[in-house]
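Chemist: Please see the structure below; I have some questions.
There are 2 protein chains.
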Amino acid sequence: MSKKKTEGGITYPKGFRATGLYSGVKKNGKPDMALIVSDADCVAAGVFTTNQVKAPAVRLSQRRVRGAGLRAIVVNSGNANACNGEQGERDALAISEKLSLHLGCDTKKILLASTGVIGRPLDMEKIVTALPRLVASATREGHEDCARGIMTTDTRSKSAQAEGIVDGKTVRVGGIAKGVGMIHPQMATLLVFLTTDAAVEKEALRLILSQVSDRTFNALTVDGDTSTNDTAIILANGQAGNLPVAKNRESYRELFSLVLSVCESLRDQLIRDGEGVTKVIRIIVGGARTKNDARKVAQSIARSLLVKTAFFGEDVNWGRIMVAVGNSGVRVYEERIDIFMGEVALVHRGVGLGTLQEEKALEVMKKKEITLRVMLGIGPMEAEYWTTDLSVDYVRINAGYKGRT
Amino acid sequence: MSKKKTEGGITYPKGFRATGLYSGVKKNGKPDMALIVSDADCVAAGVFTTNQVKAPAVRLSQRRVRGAGLRAIVVNSGNANACNGEQGERDALAISEKLSLHLGCDTKKILLASTGVIGRPLDMEKIVTALPRLVASATREGHEDCARGIMTTDTRSKSAQAEGIVDGKTVRVGGIAKGVGMIHPQMATLLVFLTTDAAVEKEALRLILSQVSDRTFNALTVDGDTSTNDTAIILANGQAGNLPVAKNRESYRELFSLVLSVCESLRDQLIRDGEGVTKVIRIIVGGARTKNDARKVAQSIARSLLVKTAFFGEDVNWGRIMVAVGNSGVRVYEERIDIFMGEVALVHRGVGLGTLQEEKALEVMKKKEITLRVMLGIGPMEAEYWTTDLSVDYVRINAGYKGRT
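Protein chains in written order, with the working numbering: chain U, 1297 to 1701; chain H, 1297 to 1701.
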């Protein structure tokens, strides 16, 4: 139903321009600013960090995304501008005010995002000087520069797009993302920007972004921390000419599928680029009483350091999986639990199936992408969660982060 | 008030004998069984894992500790005997039955504990064969053998004792502990055994163990996992001749202090021997509305991988501490938070105090034992929590655990 293009990214939908450049904030000379701009007013929706310590950019975008006629997203990836007190608030406001002059639109139509080290004052001179260059360089071809402009310790830019029919019209969705460490449910040091040329009612767009986030970005963990700056925003400019997508129309499902396919691709790119990641593990927990129970058990496995290090060491230590299941807070029955590594049955009714099965499971664990399935034997519900192994390199990278930027 | 002896451990109180030996279960030839036995009937109390997946030894001891006249604790450290189905249950029962014949006491007077790899059947022949040797070798001098017999990946045995006056009589308390990985609140792969010659009412003993555990073993974390086998047990044989300690007597406070001092020493020994630990961090969270709030914030900091790796890397990245505070689930106000590394103020009212202070804080972080203080500026309550750094060696050790036993 949806067709994936090999390129296009954030400017794949009609009427969007983008760019990224180096303003001088990052010490390593890599791009540190990005701009996404729509030629027409947009309906917007956002999902933001649940951390109580929030960067000014997050608070500002949270307020403004509720308004109408949004036009642009400006991103600074050299400095999180978090924990900078009132000066941080003033700086965030000043960026959007100065940008609005160059774009010729109301300052409230501009959304902000920032990422980087916490607690360092923004170098406003460099950022303000870069704004006219940002606006001048935003083009239909700028998607890859934009994807690079939002990166921090990412080793690859992350970009995806999809095209499909919505309400009989061709509709396009594009997206970029960044985030490698601190990736965790509830939007953790994750920036995701999505664009679409679909026409869509605000409430429907909000619901689509929220449901898609729960199934993708909020169902993955690298290190369990939730940052001060996590932001996912979608802009819809209506250029495709469809009848506005609404909750109770068939077109809702059509647009939902397109946004989901872009976000699944971004999720896969994000987790594969997790800090020090050598393995990606898809955890499926089934047989739960409720979907929420299944999710809690999957999350408990996904966050266990002992499970994550066992995957890194290719150690078929299913006892650690049992420990994580028992620690999830969900009522479980040891004697009903089945565990499968890939297609290999490891545990049946709470008891290990022996060394022959463990040897077969070891072959599965040697792969780079592994599916772990845990069946609770209680009810019909299932949930999926994505995690990574915990490697020696994860610790090395995170022990010296500040020195490396 | 309490006098610490340099040795004596678990047999320091009157009327207790102990031992440890090699039964043949561990592949590395190290001691894998231990026995603590009292010459007289004991009042007992226990604190056990909150993991829903529990080893048969835990379930059995949980039941029996409620009874009267306890006499012995037998420990197997070569195999957790967890996730072994009904066979595991039968094996645990059989060990206590056979031991009761050698000890000449009712089987219900024997408590069990086990630790080691999960999901491997117990080698019952070796264990049963070792039981008469265990009983024969239990002596007043056997405390160090006993402390060694419960070790798994510990690099050092852990033992402590204290003596003081309770109700005008000299009372002694002794203890041993094991546990290096999976150390986390709610008794995680932690075995703690305590003895005292005090006379004490059952309810008072239960309360003392529970309160002391909350202030020591339940306020430390290495990796955040809670095992299937965690057990803390105290036996009191009344040989000191005091009037039984009760909740409303002055002697309650006296005995409480002695047990606390032994457990604080064991806690310090445990955390210093954490897997791959290079630094021990004492986290004090103050200015909270309630003690529970303070504890939750301290726990959130203690469990953050980004905080733990920053300590390993000696990186004064206080932003990660702010992130952990904001993620704790407790209502906090960014603009009221103060952070101190040792005596060095790092953050005042949510804002960093600059590079000069960070340089001073770096000197504190270079030490092996660090106090981190976070003041929330909300209320009068405070809590303490102990954690460790997360090192490259932690990952190395845990990636290959099974292969190393």
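Using N, Cα and C, we set each Cβ at its ideal position, and we do this for glycine too. None of these values were measured; they are calculated from a predicted model.
Using 8 Å as the cut-off, can you tell me whether the segment 1611-1621 of chain H makes contact with the segment 1539-1557 of chain H, which would need three or more C-beta pairs spanning the two stretches below that distance?
Modeler: In short, these stretches do not touch, since the Cβ pair count stays below three.
Chemist: Is it buried or exposed for T1411 (chain H), if we count other Cβ within 10 angstroms and need 16 for buried?
Modeler: Against the second sequence, residue 1411 (chain H) aligns to sequence position 115. It is buried - the Cβ of T1411 (chain H) has at least 16 other Cβ atoms within 10 Å.
Chemist: Given a cut-off of 8 Å, decide if T1574 (chain H) and D1685 (chain H) are closer than it, judged by their beta-carbon atoms.
Modeler: Position 389 of the second sequence holds residue 1685 (chain H). Position 278 of the second sequence holds residue 1574 (chain H). Yes, Cβ-Cβ distance for D1685 (chain H) and T1574 (chain H) is below 8 Å.
Chemist: Can you pull the chain U neighbours of I1414 (chain H), defined as C-beta to C-beta under 9 Å?
Modeler: Here the question's residue 1414 (chain H) lines up with position 118 in the second sequence. In chain order: N1613, W1614, G1615, R1616, M1618, V1619 and G1648.
Chemist: Straight-line CA distance for P1481 (chain H) to T1524 (chain H)?
Modeler: Along the second sequence, one-based indexing puts residue 1481 (chain H) at 185. Along the second sequence, one-based indexing puts residue 1524 (chain H) at 228. Caution applies to P1481 (chain H), whose pLDDT of 40 falls short of 50 and renders its modelled position unreliable; the model cannot decide the point.
Chemist: Going by the DSSP bridge assignment, what does R1436 (chain U) pair with across the sheet?
Modeler: Within the first sequence, residue 1436 (chain U) is the residue found at index 140, counting from 1. Answer is none; R1436 (chain U) lacks a bridge partner.
Chemist: Say the cut is 7 Å; is the CB of A1409 (chain H) nearer than that to a heavy atom of the ligand GDP?
Modeler: Looking for the ligand GDP in the displayed structure turns up nothing, as the structure carries no ligands at all.
Chemist: Which residues in chain H have a C-beta closer than 7 Å to the C-beta of V1349 (chain U)? List them in chain order.
Modeler: Taking the first sequence and counting its residues from 1, the one referred to as residue 1349 (chain U) is at position 53. The contacting residues are M1618, V1619, V1621, G1622 and E1630.
Chemist: Compile a chain-ordered list of the residues in the segment 1576-1596 of chain H whose CB is closer than 8 Å to at least one CB of chain U.
Modeler: Flagged: no residues at all.
Chemist: Where does E1393 (chain H) land, buried or exposed, given buried means 16+ other C-beta within 10 angstroms?
Modeler: As a working note, residue 1393 (chain H) is residue 97 in the second sequence. The residue in question, E1393 (chain H), is exposed, as its Cβ has fewer than 16 Cβ neighbours within 10 Å.
Chemist: Just checking: is the beta-carbon of T1411 (chain U) within a distance shorter than 8 Å of some beta-carbon in chain H?
Modeler: Residue numbering aside, residue 1411 (chain U) sits at position 115 when the first sequence is read from its first letter. By this cut-off, T1411 (chain U) is not an interface position.
Chemist: Would you list the residues sitting across from Y1681 (chain U) in a DSSP beta bridge?
Modeler: The sequence position of residue 1681 (chain U) within the first sequence is 385, counting from 1. Paired residues: U:I1579.
Chemist: Please report the Cβ distance between R1545 (chain U) and F1513 (chain U), rounded to the nearest whole angstrom; I am assuming they are in contact, meaning their Cβ atoms lie under 8 Å.
Modeler: Here residue 1545 (chain U) refers to the residue found at position 249 of the first sequence. Here residue 1513 (chain U) refers to the residue found at position 217 of the first sequence. 26 Å between Cβ atoms; not a contact.
Chemist: What is the DSSP secondary structure of N1372 (chain H), counted as helix, strand or coil?
Modeler: Translated into positions along the second sequence, residue 1372 (chain H) becomes position 76. The answer is strand: DSSP assigns N1372 (chain H) an E or B state.
Chemist: Keeping to the same chain, check which residues put their C-beta closer than 6 Å to that of G1415 (chain H); ignore five residues upstream and five downstream.
Modeler: The count along the second sequence starts at 1 and reaches residue 1415 (chain H) at position 119. Excluding residues within five positions, the ones whose Cβ falls inside 6 Å are C1379.
Chemist: Using a Cβ cut-off of 8 Å (strictly closer), state whether G1609 (chain U) contacts chain H.
Modeler: Translated into positions along the first sequence, residue 1609 (chain U) becomes position 313. Answer yes: the Cβ-Cβ gap between G1609 (chain U) and chain H drops below 8 Å somewhere.
Chemist: Any chance you could list the alpha helix (DSSP H) runs of at least 4 consecutive residues sitting entirely within the segment 1330-1383 of chain U, in chain order?
Modeler: Fully enclosed alpha helix (DSSP H) runs of 4 or longer: 1352-1360.
Chemist: Drop a sphere of 10 angstroms on the beta-carbon of A1515 (chain H), count the other beta-carbons inside from all chains shown, and report buried for 16 or more, exposed for fewer.
Modeler: Taking the first residue of the second sequence as 1, we reach residue 1515 (chain H) at position 219. Looking at its Cβ environment, which holds 16 or more other Cβ atoms inside 10 Å, A1515 (chain H) is buried.
Chemist: Which residues does DSSP pair with S1410 (chain H) in a beta bridge?
Modeler: By one-based count along the second sequence, residue 1410 (chain H) stands at place 114. DSSP output for S1410 (chain H) lists H:N1372 as bridge partner(s).
Chemist: Is DSSP giving S1624 (chain U) helix, strand or coil here?
Modeler: Position 328 of the first sequence, counting from 1, holds the residue named residue 1624 (chain U). S1624 (chain U) falls in the coil class under three-state DSSP.
Chemist: With 8 Å set as the bound, which would you pick, yes or no: does the beta-carbon of N1375 (chain H) sit closer than that to a beta-carbon of chain U?
Modeler: As a first step, residue 1375 (chain H) is located in the second sequence; it is residue number 79 there, counting from the start. No, N1375 (chain H) lies away from the interface with chain U (no Cβ there is under 8 Å from its Cβ).
Chemist: Would you verify that the beta carbon of V1688 (chain U) is, or is not, closer than 8 Å to some beta carbon of chain H?
Modeler: Working through the first sequence from its first residue, we reach residue 1688 (chain U) at position 392. So, interface residue.
Chemist: Applying the 10 Å Cβ sphere with the 16-neighbour rule, what's the burial state of L1397 (chain H)?
Modeler: Within the second sequence, numbered from 1, the residue matching residue 1397 (chain H) stands at position 101. Label assigned to L1397 (chain H): exposed.
Chemist: Name the chain B residues that come within less than 8 Å of V1660 (chain U), Cβ to Cβ?
Modeler: Structure shown: chain B not included; protein chains present are U and H.
Chemist: Closer than 6 Å by C-beta to M1671 (chain H): which residues in its own chain qualify, once you throw out the five before and the five after it? Chain order, please.
Modeler: Here residue 1671 (chain H) is taken as the residue at index 375 of the second sequence, counted from 1. Taken in chain order, the residues that qualify are G1582, G1583 and D1634.
Chemist: Taking T1527 (chain H) as the reference, which of H:L1408, H:G1445 and H:M1661 has the closest Cα?
Modeler: Here the question's residue 1527 (chain H) lines up with position 231 in the second sequence. That would be H:L1408, whose Cα lies nearest to the Cα of T1527 (chain H).
Chemist: Any idea what DSSP makes of G1471 (chain U), helix, strand or coil?
Modeler: As a working mapping, residue 1471 (chain U) is identified with position 175 in the first sequence. G1471 (chain U) falls in the strand class under three-state DSSP.
Chemist: Considering only their Cβ atoms, is the gap separating I1674 (chain H) from E1571 (chain H) smaller than 8 Å?
Modeler: Stepping through the second sequence from its first residue, residue 1571 (chain H) is reached at position 275. Stepping through the second sequence from its first residue, residue 1674 (chain H) is reached at position 378. No; because the gap between Cβ atoms is not below 8 Å, this pair is not in contact.
Chemist: Counting Cβ pairs closer than 8 Å, one from the segment 1597-1604 of chain H and one from the segment 1550-1566 of chain H, do we hit at least three?
Modeler: Contact fails: fewer than three Cβ-Cβ distances are below 8 Å.
Chemist: When the Cα atoms are used, what is the spatial distance from I1579 (chain U) to S1557 (chain H)?
Modeler: Taking the first residue of the first sequence as 1, we reach residue 1579 (chain U) at position 283. Taking the first residue of the second sequence as 1, we reach residue 1557 (chain H) at position 261. Between I1579 (chain U) and S1557 (chain H), the C-alpha separation is close to 44 Å.
Chemist: So, is P1676 (chain H) buried or exposed, given that buried needs 16 or more other C-beta atoms within 10 angstroms?
Modeler: The residue labelled residue 1676 (chain H) in the question sits at position 380 within the second sequence. That one is exposed.
Chemist: Could you tell me whether the Cβ of G1305 (chain H) comes closer than 8 Å to any Cβ of chain U?
Modeler: If you number the second sequence from 1, residue 1305 (chain H) lands on position 9. No, no contact with chain U.
Chemist: So, for G1304 (chain U): in the same chain, excluding its five sequence neighbours on each side, which residues have a beta-carbon less than 7 Å away from its beta-carbon?
Modeler: Counting from 1 along the first sequence, the entry for residue 1304 (chain U) is found at position 8. Once the five neighbours on either side are set aside, the close Cβ partners of G1304 (chain U) are H1439, Q1457 and G1470.
Chemist: Any Cβ of chain U within less than 8 Å of the Cβ of R1669 (chain H)?
Modeler: In the second sequence, residue 1669 (chain H) corresponds to position 373, counting from 1. Judged by the 8 Å Cβ criterion, R1669 (chain H) is not in contact with chain U.
Chemist: So does the segment 1496-1513 of chain U actually touch the segment 1369-1388 of chain U, counting three or more Cβ pairs closer than 8 Å?
Modeler: No, the segment 1496-1513 of chain U is not in contact with the segment 1369-1388 of chain U.
Chemist: Figure out for me which residue from H:S1547, H:K1350 and H:S1453 has the closest Cα to the Cα of D1569 (chain H).
Modeler: Working through the second sequence from its first residue, we reach residue 1569 (chain H) at position 273. The residue with the shortest Cα to Cα distance from D1569 (chain H) is H:S1453.
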